[in-house]
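One structure is given below, encoded as structure tokens.
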Amino acid sequence: MIDGGFGPFVRNLDPAERAARSRALAALVAVLHRLERDAQAADEALALFDALPARPRRRALSAYAAIHANHHAAR
Numbered sequence: 053m054i055d056g057g058f059g060p061f062v063r064n065l066d067p068a069e070r071a072a073r074s075r076a077l078a079a080l081v082a083v084l085h086r087l088e089r090d091a092q093a094a095d096e097a098l099a100l101f102d103a104l105p106a107r108p109r110r111r112a113l114s115a116y117a118a119i120h121a122n123h124h125a126a127r
């Protein structure tokens, strides 16, 4: 686990809470997968993402930015 992680990645998280956070993240991932095939899913994906509290949303955006930057740097 990551120090200062977010969602289900927080150290010493109660197993029931980790499961709940994993399910919430899985719901967002499922909608994002659907968005790959169906542009109409964009509103639902954005609504789920916007429903995240500010801090986890910022951390998710930071993780995405880092992954995206590394992907483009590898080209």
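Our numbering puts the first residue of the sequence shown at 53, with every later residue one more than the last.
Glycine included, C-beta positions come from ideal geometry on N, C-alpha and C.
* Could you round the C-beta distance between Leu77 and Gly59 to whole angstroms and report it? I think they count as a contact, below 8 Å. => Yes, they are in contact, since the Cβ atoms of Leu77 and Gly59 sit about 5 Å apart, within 8 Å.
* To do: Consider the Cβ of Tyr116: report whether some Cβ of chain C lies at a distance smaller than 8 Å.
  => No chain C appears in the structure shown, which is made up of a single protein chain.
* How about Ala79 and Leu100: do their beta carbons lie closer than 8 Å? -> For the 8 Å CB-CB criterion, Ala79 and Leu100 form a contact.
* Just curious, the alpha helix (DSSP H) that Asp102 is in, first and last residue? -> It spans Ala94 to Asp102 - the alpha helix (DSSP H) in which Asp102 sits, taken as one unbroken run.
* In the DSSP assignment, find the alpha helix (DSSP H) that holds Arg86 and state where it starts and stops. => Residue range Pro67 to Arg89 is occupied by the alpha helix (DSSP H) that includes Arg86.
* Whole-angstrom distance between Ala125 and Ala72, CA atom to CA atom -> Distance from the CA atom of Ala72 to the CA atom of Ala125, rounded to whole angstroms, is 35 Å.
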